[in-house]
Amino acid sequence: MKEQGRRDFMGMALGGFTALGGLGALYAMKRSWDPLPSVKAAGFTTIDLSAAQENVLNIEKWRGKPIFVLKKSADMKADDRDVVVGSDRFHVTIGLCTHLGCIPAYLPGEKIFRCACHGGEFDASGHEIFGPPPSPLEIPPFKLEGTTIVLGEEGPEFKKMKDAGLIA
Amino acid sequence: MAKFDENARPFSEKWLDERLGVVTLKKVLSTEYWIPKDINFLWAMGMVLAATFGLLLISGIFLLMYYKPDAALAFDSVNYTIMTEVGYGWLWRHIHGVGASIVFLIIYIHMFTGIYYGSYKKGREMIWISGMLLFVTFSAEAFSGYMLPWGQMSYWAGMVITNLFSGGSLEAYGLVEWIRGDYVPGDAFLTRFFMLHVLLLPLVIIGLIVLHFGTLRLPHVNNQKGEEIDFEEAAELYKAGKKKESKVIPFNPVFLSKDIFVMGVYFILFFYLVFYHFGFAMDPVNFDPADGLKTPPHIYPEWYFLWSYEILRPFNKDLGLIAFGIAQVALFFLPFIDRSPNVAPAHKRGLFNIWFWVLLVDMIVLTILGKLPPEGIYNDLGLVSAIVFLLLGPALFVITKMEKKI
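Quick mapping for you: the protein sequence lines, in order, are chains A and B.
Just so we're on the same page, the numbering used here is the position in the first sequence counted from 1, plus 24.
Just so we're on the same page, the numbering used here is the position in the second sequence counted from 1, plus 209.
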């Protein structure tokens, strides 16, 4: 009986230390799968808005993702999600469908975005108007500096949209 | 210390048996592993699958010699180096591509054979469950392999499938980025899927194949009538020379010789595809290098994933994900949803027969719709077929609960 107790104790001690080591190993494995610091740090894109033409979609790149920049024409409805520079209004969003991340195409005639993957549609302000997308096109963190916009940094205009819950 | 015959010649059968027990092993695993006589060519699909896996392994080893797991080099290492420079590189690639596609056709035939003859029931549950684990691991293996040529379809399939892990409204983008190792599929993503494809998942598959074979040994394979055979009695008859009266044959060499005949026919078809019709396994879109700023007009998975992809499509984001999740795991529970006491082929089981054919046709319809663009009537048809698929689970429970003992 005493022998049994000893053995149980040894077993539990061994099990405990093994579990501890196992947890440590799991943590190391999880960390190895994390995005690298260099990947995370590369991440500010500056775009000059002054050269944009109305109703012509420009696609920029930020953190590997496409960014839609569309200068709104006068007949497009103004929206709280617009980036306003002087008297011009811009649609600036991450160009990935909020359904499963395909890139919607812009149809200048109809002034909508349509996603080829599952048929989702967004209007010129990025609001979902048809199909499976559950939310509007997402607005990336931005900061306005005159007529240029810096993506990856949260400026006062972005924070205002964020507080109003308009980001996506 | 065991007894060793000093006069046994090294490496003779006796010598090996004393050291490794090879005679017992051979009996248990092959010459006295009994297979019922009352079977047909569909019972050969297991060994056909094993042989196809062997081909995938061998062709994969040669592809591995020149493939470069680097987002900047991968595409050219496949499409230029392997396809144009390496002697017979095209052969390995076409065997690998065709094999990856055909292996799923055989898996589906193997699965539907099991469902038709009730081979997942009464003592054979573990066969079914280990088989389903193999199906899931093969799916992961196929998907990770599809990333490696780093073409447009690789990239965008990677984007869409990893996005599924955001869990719809849960918006778990941290998890998605963790899986990718980047904000979008990139170099980190390619190299980790390379690791999964060439090491971790093949190891798991090999382990599961051993388990799958192991699960067969005690309950034995089913037969065309679902008859419960007394294997020990039948084996005695066979060993006593009454081969005609016995209901069984040994796995090796009798059953295996039949298997090899079926394999022969299969390999004629297989290599016909490899040499003359490999195009079906090579999506033209994937011959454009990956471009994160350009989505191809239609994104669709390989044919063997289309049915589950189509279950995802017709619903809104969250419902689609839930339906998709159910579809992925539902078949695991088949042995427990089926409440009928009968182990018999579907055509003897009344309503179950209808259920079986509805399931088969529905999965084919879902597969076809998955390839068609998501518009108009196809959307409605897709919704109906997806709902039919989801309802088949509860329907099976009710149908088999009512089924009378034959």
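Don't be surprised by glycine CBs; every beta carbon is placed ideally from N, CA and C.
The structure displayed is predicted, hence computed values, not measured ones.
If I measure Cβ to Cβ from residue i and keep anything under 7 Å in the same chain, skipping five residues before and after, which residues do I get?
i, result
"isoleucine 338 of chain B", "Phe541"
"alanine 539 of chain B", "Gly602"
"aspartate 103 of chain A", "Ser149"
"histidine 305 of chain B", "Leu265, Ser268, Gly269, Leu272"
"threonine 400 of chain B", "Pro278"
"lysine 223 of chain B", "Asp214, Ala217"
"proline 510 of chain B", "Ala366, Tyr518"
Quick one: Cα of residue i to Cα of residue j, how far?
i, j, result
"aspartate 497 of chain B", "leucine 427 of chain B", "50 Å"
"proline 506 of chain B", "alanine 351 of chain B", "23 Å"
"valine 463 of chain B", "threonine 240 of chain B", "9 Å"
"phenylalanine 422 of chain B", "isoleucine 316 of chain B", "15 Å"
"methionine 341 of chain B", "leucine 560 of chain B", "25 Å"
"leucine 405 of chain B", "serine 375 of chain B", "21 Å"
"asparagine 82 of chain A", "valine 93 of chain A", "5 Å"
"alanine 283 of chain B", "histidine 486 of chain B", "25 Å"
"threonine 322 of chain B", "phenylalanine 565 of chain B", "11 Å"
"tyrosine 447 of chain B", "valine 312 of chain B", "35 Å"
"glycine 119 of chain A", "aspartate 58 of chain A", "24 Å"
"proline 151 of chain A", "glycine 534 of chain B", "The amino acid at residue 151 of chain A is misidentified as proline; the sequence shows histidine. The straight-line gap from Cα to Cα measures roughly 28 Å."
"aspartate 589 of chain B", "proline 523 of chain B", "8 Å"
"leucine 44 of chain A", "alanine 65 of chain A", "32 Å"
"aspartate 32 of chain A", "leucine 47 of chain A", "22 Å"
"leucine 238 of chain B", "valine 552 of chain B", "25 Å"
"leucine 530 of chain B", "leucine 379 of chain B", "11 Å"
"tyrosine 130 of chain A", "lysine 610 of chain B", "54 Å"
"leucine 300 of chain B", "proline 550 of chain B", "49 Å"
"methionine 34 of chain A", "lysine 212 of chain B", "37 Å"
"phenylalanine 460 of chain B", "tyrosine 242 of chain B", "5 Å"
"serine 467 of chain B", "glycine 354 of chain B", "Sequence inspection shows lysine at residue 467 of chain B; the serine mentioned does not correspond to that position. Going from the Cα of lysine 467 of chain B to the Cα of glycine 354 of chain B covers about 32 Å."
Spatial neighbours of residue i within its chain, please: CB distance less than 6 Å, with the 5 preceding and 5 following residues excluded, ordered by chain position.
i, result
"valine 574 of chain B", "Ser594"
"methionine 100 of chain A", "Ala148"
"glutamate 519 of chain B", "Leu575, Leu578, Gly579, Gly591"
"tyrosine 276 of chain B", "Ser286"
"lysine 183 of chain A", "none"
"asparagine 562 of chain B", "Ala555, His556"
"lysine 167 of chain A", "Val174, Glu177, Gly179"
"leucine 420 of chain B", "Ser339"
"lysine 526 of chain B", "Gly377"
"glycine 435 of chain B", "Gly327, Val552, Ala553"
"leucine 581 of chain B", "Tyr587"
Since I believe residue j is in contact with residue i (beta carbons under 8 Å), could you give me their beta-carbon distance rounded to a whole number of angstroms?
i, j, result
"lysine 236 of chain B", "isoleucine 458 of chain B", "Not a contact, Cβ separation roughly 15 Å."
"phenylalanine 489 of chain B", "serine 310 of chain B", "7 Å"
"glycine 176 of chain A", "glycine 67 of chain A", "5 Å"
"aspartate 571 of chain B", "phenylalanine 606 of chain B", "That pair is no contact at about 17 Å."
"histidine 123 of chain A", "proline 90 of chain A", "Contact doesn't hold; Cβ gap of about 15 Å is too wide."
"alanine 408 of chain B", "histidine 319 of chain B", "Looking at the sequence itself, residue 408 of chain B is leucine, so the reference to alanine does not match. Not quite, the Cβ-Cβ distance comes to about 26 Å (not below 8 Å), so this is no contact."
"valine 63 of chain A", "aspartate 279 of chain B", "Not confirmed; about 15 Å, so no contact."
"isoleucine 191 of chain A", "isoleucine 163 of chain A", "5 Å"
"leucine 568 of chain B", "tyrosine 329 of chain B", "Not really, about 14 Å apart at Cβ, beyond 8 Å."
"methionine 335 of chain B", "threonine 424 of chain B", "4 Å"
"alanine 397 of chain B", "arginine 389 of chain B", "7 Å"
For residue i, I'd like the list of residues in its chain whose CB is within less than 8 Å of its CB, leaving aside the five on either flank, ordered along the chain.
i, result
"leucine 266 of chain B", "Pro411"
"glutamine 361 of chain B", "Val494, Asn495, Asp497, Pro498, Ala499, Asp500, Lys503, Pro505"
"proline 358 of chain B", "Ala283, Phe284, Val287, Asn288, Asn495"
"aspartate 10 of chain A", "With chain A covering only 25 through 192, there is no way to say anything about residue 10 of chain A."
"valine 430 of chain B", "Ile244, Pro245, Ile248, Trp252, Ser328"
Do we get a CB-CB distance below 8 Å when we pair residue i with the residues of chain A?
i, result
"threonine 504 of chain B", "yes"
"isoleucine 577 of chain B", "no"
"valine 580 of chain B", "The sequence as given places lysine at residue 580 of chain B; valine does not occur at that position. So no, lysine 580 of chain B is outside the interface."
"arginine 522 of chain B", "yes"
"tyrosine 325 of chain B", "no"
"proline 583 of chain B", "yes"
"serine 155 of chain B", "One cannot answer for residue 155 of chain B here, as it falls past the ends of chain B, which runs 210 to 615."
"tryptophan 512 of chain B", "no"
"asparagine 525 of chain B", "yes"
Answer yes or no: does any C-beta atom of chain B fall closer than 8 Å to that of residue i?
i, result
"histidine 142 of chain A", "yes"
"aspartate 104 of chain A", "no"
"arginine 30 of chain A", "no"
"isoleucine 153 of chain A", "no"
"proline 61 of chain A", "no"
"lysine 167 of chain A", "no"
"lysine 186 of chain A", "no"
(Q) Give the list of continuous alpha helix (DSSP H) stretches no shorter than 4 residues that lie fully inside the stretch 319-389 of chain B. (A) 334-356, 361-372, 382-389
Q | Those runs of the beta strand (DSSP E) which lie wholly inside the stretch 44-102 of chain A and span at least 3 residues | A | 69-72, 81-86, 89-95
Q. Can you list the beta strand (DSSP E) stretches of 3 or more residues lying completely in the stretch 450-524 of chain B, in chain order?
A. 457-459
Q | Within the stretch 241-274 of chain B, ranges of the beta strand (DSSP E) (whole runs, at least 3 residues) | A | 243-245
Q: Pick out the complete alpha helix (DSSP H) segments inside the stretch 527-577 of chain B, 4 residues or longer, and give them in chain order.
A: 543-546
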